[in-house]
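Written out below as structure tokens is the structure these notes cover.
Numbering (my numbering), first residue to last: 2 to 453.
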């Protein structure tokens, strides 16, 4: 039996799971290295540059967010699928992020910050928790830089801020893709240029949302290009040739990424200035990787897109939220034991190795528990609540439409403005009413009822 030819999917891209896992792994390694000072090697090859610049892959997770968020809009543009519903766009983001984020924030508050007296005053505590719960904590130096309940979680704040705008940006990109993406890129470059010119300390500006707009733009552009390539792939007559070329492109990107990360790791100046300078080329290389990986040779696709990578990607957000908090608190507790007060500075190699392994292992275990005991059950509960609310709302619209139909006189016409998802309920409610004609096709969310 002849095996069906491989065709990349415009809907499901398992290779991006592996890319996400690698990005989060490097970021976690960087945070553990900050505490342990354990310089990794592979034989004689030092990975010092990788951990020293290990904060840079955070930009890659934001790029993947832009890519995957825009992918349904890209399919709508090129494959004529339905435009994503804005209401469910927001709901999915809430279901995915809020339960875990709130839970981990509260655990850090009641299990770490309060018992260890890490707040100077109740006022600071209330402010910190409130700004975390509203995802605005990146706007204040104390809640962003000095918070005792999770410094690494700033990425989630940037993402939630971006989610508020994304459906509107995506709609603009559907109408005028080049102008929208170039506008986002120009805004980010102007922001970073102004920051480099106007500031000496970049701590509060380097990772604000405007600084990532070009990263989101590259992700969106990558999604559009990827969907177009999946269409062109159907016409490819020698797929192995193109798979080999895509694999070569991935190899080139990896070589360039190593050079860029080395340049950032040993940047001769303020490293946050270097971070802003290197942000766009880093995101560009990662965007090329994201687009090219699904077209590479089978072994690489399997390496990046297998079930293990899918599982690890599924817990990666919770791993990211947990890992730095855990690393700092283990050191605070003196776990594992060392005879030195500052074992990292003393170069206590057994402690460094045990501590690093413990951080990786415990972060993994806790991420699994939070994902399957908190995130997923809460997401299912929220989904049921949202669906019940929608059912009640549709019933109200159907009831109102029936009342309007009862009041119509012969020759009267009325146009109803309805949410898209309520139209079917209204049609069902009015379908068997004599002498009432319902016409569609007036535009999104409109129906014309005429009494004959």
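Note that the Cβ used here is the ideal one computed from N, Cα and C, for glycine as well.
About 6 Å separates the CB atoms of residue 9 and residue 296; that is less than 8 Å, so the two are in contact. Note on geometry: alpha-carbon atoms of residue 375 and residue 390 lie some 22 Å from one another. In the three-state reduction of the DSSP assignment, residue 43 falls in the strand class, which pools E and B. By a beta-carbon distance limit of 8 Å, residue 216 contacts residue 67. Their separation comes to about 7 Å. Runs of the alpha helix (DSSP H) lying entirely within the segment 205-245, each at least 4 residues long, are 214-234 in chain order.
Counted as a single uninterrupted DSSP element, the alpha helix (DSSP H) harbouring residue 188 occupies residues 178-199. Nearest to residue 56 by alpha-carbon distance, out of 380, 73 and 31, is 31. Cβ contact annotation for residue 130 (same chain, cutoff 8 Å, sequence separation greater than five): 106, 110 and 150, in chain order. Setting aside the 5 residues that flank it on each side, residue 186 is surrounded in the same chain by 215 and 218, each with a C-beta closer than 6 Å to its C-beta; the list follows chain order. Here residue 146 has 152, 204 and 205 as same chain residues with Cβ atoms under 8 Å from its own Cβ, once five neighbours each way along the sequence are excluded. Look at residue 141 here: in three-state DSSP terms it is coil, with no helix or strand label. Bounds of the alpha helix (DSSP H) holding residue 368 are 350-371.
Secondary structure of residue 85 (DSSP, three-state): coil.
Annotated three-state conformation of residue 376 is helix, per DSSP. Within the segment 296-330, the complete alpha helix (DSSP H) runs of at least 4 residues fall at 299-305. Closest in C-alpha terms to residue 38, from the list 52, 13 and 25, comes 52. By the neighbour-count definition (other C-beta atoms within 10 Å, threshold 16), residue 242 is an exposed residue. Just so you know, the alpha carbons of residue 298 and residue 253 end up roughly 15 Å apart.
One Cα belongs to residue 302, the other to residue 257, and the distance between them is close to 21 Å.
For the 8 Å CB-CB criterion, residue 276 and residue 201 do not form a contact. Judged by DSSP secondary structure, residue 12 falls outside any alpha helix (DSSP H); it is assigned neither H nor E.
Residue 263 and residue 6 have their C-alpha atoms spaced approximately 40 Å apart. When secondary structure is reduced to three states using DSSP, residue 334 falls in the helix class. Annotation: residue 151 is outside any alpha helix (DSSP H) and is labelled neither H nor E by DSSP.
Excluding the 5 residues flanking it on each side, residue 271 has same chain C-beta neighbours closer than 7 Å at 203, in chain order. Distance between residue 317 and residue 160, taken at the CA atoms: about 15 Å.
Remark: three or more beta-carbon pairs, one from each stretch, lie closer than 8 Å, so the segment 274-291 and the segment 188-198 are flagged as touching. Residue 139 has its alpha-carbon roughly 38 Å from the corresponding atom of residue 230. In the DSSP assignment, residue 127 falls within the unbroken alpha helix (DSSP H) covering 123-134. Your pair residue 79 and residue 228 checks out as a contact, with CB atoms roughly 5 Å apart and the cut at 8 Å. Of the residues assessed, residue 154 falls on the buried side of the cut-off, its CB having 16 or more other CB atoms within 10 angstroms. 319 is the residue among 346, 319, 357 and 60 whose C-alpha sits nearest the C-alpha of residue 372.
Remark: fewer than three beta-carbon pairs, one from each stretch, lie closer than 8 Å, so the segment 113-126 and the segment 165-176 are not flagged as touching. A distance below 6 Å between beta-carbons, with the five flanking residues on each side excluded, links residue 313 to the following residues of its chain, in chain order: 22.
Under the three-pair Cβ rule at 8 Å, the segment 325-332 counts as touching the segment 350-362. In the structure shown, residue 6 adopts coil according to DSSP, grouped into three states.
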